[in-house]
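Note sheet for the following structure.
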Amino acid sequence: MKELIDIKLADGSEVSVEKGMTTLEVLKSAGRRLPEGAVLAELDGESVELSRPIESSGALSVLGFDSPRGSEAYRHTASHVMAQAVKRVHPDAKLAIGPAIEEGFYYDFGLDETIKAEDLGAIEDEMRRIIAEDIPVERKELPASEAIALFKERGEDYKVQLLEGIDEDPVTVYTQGDFVDLCRGPHLASTGRVKAFKLLSVAGAYWRGDESREMLQRIYGTAFDTEEALEEFLRLRKEAERRDHRRLGPELELFSIREEIGPGLVIYHPRGAVLRTVIEDFLKVEHAKKGYELVISPHIMRKDIWETSGHLSMQYPMYFFDIEGQGYGIKPMNCPAHIYIYKSKTRGHNELPIRYFELGTVYRHERSGVLHGLLRVRGFTQDDAHIFCTMEQAEAEINDAVRFAFETQRTFGFTSFRIALSTRPDLSVGTSDDWERATDILKQALSDQSLEYVVDKGEGVFYGPKIDVKLEDALGRLWQGPTIQFDLQLPTRFEMTYVGADNQEHTPVMIHRTVLGSLERYIGILIEHYAGAFPLWLAPVQVEILPIADRHVEHSKEIMKIMESAGVRVSINEERETTSNKIRKAWRMKVPYMIVVGDKEIESGTISVRSLAGRDERNVDLDGFISELCEEITSRRSLEV
RNA sequence: GCCGGUGUAGCUCAGUCGGUAGAGCGGCUCACUCGUAAUGAGCAGGUCCGCGGUUCGAAUCCGCGCGCCGGCUCCA
């Protein structure tokens, strides 16, 4: 007679079953069926295989692909299927790691022979065979010493290294046929449960993410529970390609990056310069409203400054050169200059906080492999500010800066964010007391505003911890946006002081913060978010006038003048081409409004209006249209995207 | 910086076996004066990324360098 255990099912009912039954058997004995799409079981909050014997009483439910843990296990199994396929194609391949990631999975292999993109098809074919074979995935617990022996025997050097680095004992090992992997699991019950998958790319990746170690070969893939979901994923990838700012930017004549000028260096064309100027003007006005003073500092500063700041000893990626025997560095940050403005006179506590704002263009020597369109460049302009205040004022100032950042992001059309708190990195200056204090104040500010965040351990700047805000765009992608950094180091290093109420000298604290991040990156993000179809207030050309024939040009120019004097950015297409083609061209340049002017309009004194958003209307009153435009511009409304 | 891929006209791309370079779009010229997502014809446009090598001969094969793309590491 077997021992009985009590299992509480998801619907609240309870059943008594024999110990050691699997989820499937428990459900069966309770007269229930395994739900369609079940991937994992959850027993008392722990996710386990559907095939795992249940050894103790508890609450049992079933997870599908739609649950985060379900899709993770699903993709993790897909990565094992891929690894098994790779081992069949390349028996010499050594297994490293192969987790599920946000949108799929990868697996890293050590292999002398290189895996090429065109080899992926063959690996996919092998994966299909493994899935068709429907091999059971078996979980085993092994003493660590046995596992080490097992993987040594199989020549899995990386697995042995992993085992030697972990304290767990026993460890779990998953087996499917001839394939064995060290893995915590959980997994699908068998390889046949993987329905829709695709291998996406091959890439290099350092063993354990450490660039001093050897490089492995990584294969990326994704898996879904239905072909439709996979198709949708691939469609979204195509859509992302269509929005790529590296393609749209030059196409919309916003900017270009040319080898002749230099990699990572952006040249703004007239339309891009308009866009950027609109953003800059907006920022200047908003900062003034919030009590920031505009300052301007030079692009190069003496090397000594960067010694004092710590940039030199932190090996910050800078450009250096000499002028008449004197060493200079091109600024990678604006802070030192702002510090010297502060230091230009004796400061009293009644003056604080002091807030200096600069659209500061900085240059950083980014390694060649990391450059990426506008998102990662070597020269960029930050909407940078430094707030100098007392320790007591810091929390309120950080709160204000965070609120300012979010408020501004909403104006630009972003509504969903992820926040990260980055703590002390390995290479840094200052005492651990200071770091702890600074980190606590940032945490306090985040909880003051009940903002949820994750902690990025060791991701802070060398002088202090920071809050990073990531923006979620129209396609659900995340982008690096504002950053708020708390700094207890530079004020000391630069011997900054203020005279307190006690008539003694004190050291102020310093907050570095941006609202958009960098204008280059932000413009790149805006292009992708709006697919180039900017809200009216940002559109480089807001209205394009299309005269039907030459005789309509003069009247069109009059309309243009009226609109321009109302502050609208207007262009006119005087080419001798068909109206259809003029519309097509304006459309392609994503001009929000098109005005057609012909005999009828001149006669009736009206205009015909077309918009990117789909409006198509005749006999529109010009003055009424202009006030509509002005309203849309001043309200800074975002289009539906 | 590292791994892999890639580089032909302003853009997108074709170019066979190594035999001296092509299309579409765009540009320019001409004609057309046109009513809501491509009017027609003609013309111009090339250091085939750069340097070196192999060869009678290189866009094509090899080496090195550079840029770009996908990642890693790094990051606003």
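Under the working numbering, read the first sequence as residues 1219 to 1859, first letter to last. Every residue gets a Cβ at the ideal spot worked out from N, C-alpha and C, and that includes glycine. Nothing here was measured: the structure is a model prediction, and the numbers come from that model.
Nearest to residue 1705 by alpha-carbon distance, out of 1549, 1354 and 1683, is 1683. When DSSP states are grouped into helix, strand and coil, residue 1539 belongs to the strand group.
Per DSSP, the beta bridge partners of residue 1834 are 1828. By the Cβ criterion, the segment 1387-1406 is in contact with the segment 1352-1365, since at least three pairs of Cβ atoms, one from each stretch, lie closer than 8 Å. Under the three-state reduction of DSSP, residue 1840 is assigned to helix. If only uninterrupted beta strand (DSSP E) runs of at least 3 residues are considered, those enclosed by the segment 1657-1721 are 1672-1674, 1684-1690 and 1696-1705. Using a Cβ-Cβ distance cut-off of 8 Å, the segment 1311-1329 and the segment 1290-1300 are in contact, since at least three pairs of beta carbons, one from each stretch, lie closer than that value. If you ignore the 5 residues before and after residue 1631, its C-beta comes within less than 6 Å of the C-beta of 1856, all in its own chain and listed in chain order. If you compare the alpha carbons of 1811, 1590 and 1332 with that of residue 1827, the shortest gap goes to 1811. In this chain, residue 1606 is not harboured by any alpha helix (DSSP H); it is covered by the beta strand (DSSP E) spanning 1597-1607. At least 8 Å separates the beta-carbon of residue 1485 from that of residue 1494. Residue 1809 sits in coil when the DSSP states are folded into three classes, being neither helix nor strand. Minimum Cα-Cα distance from residue 1797 among the listed residues 1806, 1767, 1787 and 1783 corresponds to 1767. Remark: three or more beta-carbon pairs, one from each stretch, lie closer than 8 Å, so the segment 1700-1720 and the segment 1517-1529 are flagged as touching. Out of 1591, 1379 and 1606, the CA that lies nearest to the CA of residue 1431 is found in 1379. The alpha-carbon separation between residue 1289 and residue 1761 amounts to approximately 47 Å. Contact annotation, residue 1416 with residue 1444: C-beta distance approximately 13 Å; criterion of less than 8 Å not satisfied.
In this structure, residue 1808 and residue 1751 form a Cβ contact; the two beta carbons are roughly 5 Å apart against a cut-off of 8 Å. The DSSP-derived three-state label of residue 1399 is strand.
DSSP places residue 1735 in the strand class (E or B) of the three-state scheme. Annotated three-state conformation of residue 1558 is helix, per DSSP. Inter-segment contact for the segment 1443-1460 and the segment 1328-1343 is absent: fewer than three beta-carbon pairs are separated by less than 8 Å.
Look at residue 1407 here: in three-state DSSP terms it is coil, with no helix or strand label.
The Cβ atoms of residue 1642 and residue 1587 lie no closer than 8 Å to each other. Counting of Cβ neighbours within 10 angstroms places residue 1370 among the exposed residues, the total staying below 16. With three or more CB-CB distances shorter than 8 Å, the segment 1665-1680 counts as touching the segment 1610-1625. Within its own chain, the residues whose Cβ lies closer than 6 Å to the Cβ of residue 1788, once the five positions on either side in sequence are excluded, are 1761, 1778, 1781 and 1782, listed in chain order. In the three-state reduction of the DSSP assignment, residue 1488 falls in the helix class, which pools H, G and I. Every beta strand (DSSP E) of 3 residues or more that sits fully in the segment 1272-1338 is shown, in chain order, as 1276-1282 and 1322-1328.
Per DSSP, the continuous beta strand (DSSP E) segment holding residue 1576 begins and ends at 1572-1581. Under the criterion of beta carbons closer than 8 Å, residue 1626 and residue 1733 qualify as touching, at roughly 5 Å. With 16 or more other Cβ atoms inside 10 Å of its own Cβ, residue 1374 counts as buried. Per the coordinates, the alpha-carbon of residue 1634 lies some 45 Å from the alpha-carbon of residue 1545. Looking at 1262, 1267 and 1719, the one whose alpha-carbon comes closest to that of residue 1275 is 1262. Assigned with DSSP and collapsed to three states, residue 1779 falls in helix.
Residue pairing of residue 1730 in beta bridges, as defined by DSSP: 1604 and 1703.
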